[in-house]
Amino acid sequence: MKIKSIHLYSHTGKVRNISFKKKGLNIITGRSSTGKSSIINIIEYCLGKSDCLIAEGVITSKVLWVSAIYTINQEDVLVAKKLPQDGKSSCSSLMLKRGMNLKACDFDELKNNSTDDSLTILFNNLLKIPEEITHVKDIETRSKFSVNLSHTKYYLFQPQSLIANKDILFYRQSESYIPQTIKDTFPILVKAQSLQYRVALEKYKELIKEIQGLEKKINNTEKDSSHISFEKLKDEASNLNIDTSSIVFPRDLLDLIEHEIQETNKLKGFDERITNIQEQIIDLKRIKSKLINEEVLLKKSFKAESTYFTNQSSLKDRLSAIYAFKNITQTDSKKFNEINELVLLDLKKIKRELESYNSVDQEYKNKALLEINKKIDDIDISISKLNSKLGDLNQANDIYLNSSLNIANHYILMGKTQNFIENIGIKSTQEYREELWVKNQELLQQKSYVKEYNSVQEKLDSIIFQISLKITEYLKLLKYEHGTSTTRFDLQKLTLITNDSNGKFIPMNRIGSGANHLALHISTLLAFHYYFQKFNCPIPSFIIFDQPSQVYFPKLGLESEKNLNNSDYYNLDDIEAVKNLFKFLIEFTKTEVIDFQIIVTEHAIFDENWFQDCMIEPFWYPYDALVPDDWPSKSDLYS
């Protein structure tokens, strides 16, 4: 599987095409911020990754669709995906097209007709990725999963932040769970572990468990305790009021116990009904209390009315004494006359009040009090009935609770009976021995299969050894500081270990110099691909390196079109090291893995034929880069 081309589509339908050579080294070089590093993200996005990792900026504002055409054997697969819209960061829909000699679609043709999941299945089939589940030991808690295309991407991309990293080797290795995923899938991808081995191993484990179970049954049977144990189970059942007089076989006893449990479970508790009645009683008592308060208030009101009427009548009688002076001639005393007039006025007022005041009829008073007393009596009767019903329910609930306690004993007895049937059953010792002999014969046969495939770790060690030899060989060619020593790949730690001339083992993160780290990354990834291609592993036949020269020219960017052969600007040793790197990549595709595809995005450029021949695009400037400068952004069109 190789990359034939990538295509970008503007909002107005313009297309930017970049074609790659499917054999050899492809170099794209240009200034900073021209979109070189985004090529990895575009290709991965079009390999079935829903999350779009293309950096926010020119591409996301000016590009609507991206597309890639992959070649697998003689067939082309075109994948086109729309960039996430409306603030989203992912898109799982895509356009898929298969055929021979495919070219970029016209803008009007771009329509979704498939998904990332479907694309992954297609690539799995075309690459012949084995439909195998990762191996997880019984004592481990992580989940098993199927190997697919996404597990090959660790070996395909080396972004700028990774290519000279001293701590990690593989793409996305720093993310959670990815290191373990690499360890789990690597043996399958390099064919160290086959499906036949997995099937044989699982069958072998299953037979061992079955044999252990049979040996346990034989041991229990030979104790000659089956009759006694069964009688004991029947006695326990009788103690639980289960009639076992007609029970002959253990299975019948188990069925009977299960029936008793089912019948008991049909009974319902009385808690809800008891609570309901208790709430009714509380409500009635609350109403009764309210009525009693009303009765007290009413009696007080009647008493106050009676007292008021009596007092007013007495006051009227006392004031009526003023009439004793009605025949007396008015005196010359002005004060006496005023008092006399005031008393007469008060007397008239009291008379009017007494005449206008209608005292409550006694019959009405009695009727009101009788109604309240009747309601109170009715409530007392209702409470008495509810209390009687509550007592009955409490008694019934006690019986139910006792049954619930017994049900626990029923379950215990059921478990004992099930265990008895499982370990003793109705088979004889001889029958178990015959079955055990058959299982042992199967185990011997299966063991031979497992032994045949039991060299998985040995095979994996051999593969890693072969890869490590190539790593060491390539490091010498790249002028690695410890090039005269051996360097090996450590699968468990996912790192490199160099054994220096003093016999000291130095891990990658303890090696100094970015140039050394770059050499370690380049050598390791190409050594992996050497093995992948030599032994037909289901891994795509390309790799992308992003800005490998950065360790030599970290500030190379705006001035990158300068002639790097000019020693006034750059160290000649660094220039020679970068040249050596590119020449090594070219040689790799000619002698090591013939026709392998390497894509390098760079700042550096050499005005030499061998370098210029590898450039697939003219040098990129900000006005003439991955995305043409004259393409309108979405905001320009819709503002």
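Per this note's numbering: the sequence shown = residues 13 to 651. The beta carbon of each residue, even a glycine, is placed where N, CA and C say it ideally should be.
By the C-beta density criterion, K229 is buried, having at least 16 other C-beta atoms within 10 angstroms.
A contact is defined here as three or more CB-CB pairs under 8 Å, and the stretch 500–519 fails this definition with respect to the stretch 169–176. In the structure shown, D502 adopts extended strand secondary structure according to DSSP, grouped into three states. The C-alpha of I223 is placed about 6 Å away from the C-alpha of L448. Taking 8 Å as the cut-off, the beta carbon of V91 is found no closer than this to the beta carbon of V639.
Assigned with DSSP and collapsed to three states, R110 falls in strand.
Buried is the label assigned to D128, since at least 16 other Cβ atoms lie within 10 Å of its Cβ. Bridge partners of S79 according to DSSP: H19 and A92.
Around G47, the same chain offers V70, I71, W632, A637, L638 and V639 as residues with beta carbons nearer than 8 Å, after the five sequence neighbours per side are excluded. For L481 and E152, the gap between their C-alpha atoms comes out near 32 Å. Beta-bridge partners assigned by DSSP to V27: Y21. The Cβ atoms of E604 and Y564 lie no closer than 8 Å to each other. N511 has T498 and F517 as its beta-bridge partners, per DSSP. Of all C-beta pairs linking the stretch 91–107 to the stretch 58–69, three or more are shorter than 8 Å, placing the two stretches in contact. By DSSP's assignment, M627 forms a beta bridge with I39.
When the beta-carbon positions are compared, K94 and L76 come within less than 8 Å of each other. Here K215 has Q458 as same chain residues with Cβ atoms under 7 Å from its own Cβ, once five neighbours each way along the sequence are excluded. Under the criterion of beta carbons closer than 8 Å, I551 and L201 qualify as touching, at roughly 6 Å.
K246 sits close to L265, with the two beta carbons spaced by under 8 Å. The beta carbons of H163 and T197 sit about 4 Å from each other, so the pair counts as a contact at 8 Å.
Taking 8 Å as the cut-off, the beta carbon of Q192 is found closer than this to the beta carbon of R154. Taking each of Y376, N528 and S17 in turn and checking the Cα distance to K34, the smallest one comes out for S17.
Ranked by how close their Cα comes to the Cα of Y486, the residues K595, N406, S396 and K312 have K595 in first place. Distance check between D648 and each of L584, H23 and K361 places H23 closest, using alpha-carbon atoms only. Under the three-state reduction of DSSP, E144 is assigned to coil, being neither helix nor strand. Just so you know, the alpha carbons of G524 and L537 end up roughly 20 Å apart.
Following the DSSP letters along the chain, one finds T613 inside the beta strand (DSSP E) bounded by residues Q609 to E614. For the pair K471 and D502, the Cα-to-Cα distance works out to about 15 Å. Annotated as distal: S188 and D558, with beta-carbon spacing of 8 Å or more. Under the DSSP assignment, I555 falls in the beta strand (DSSP E) whose first and last residues are F554 to D558.
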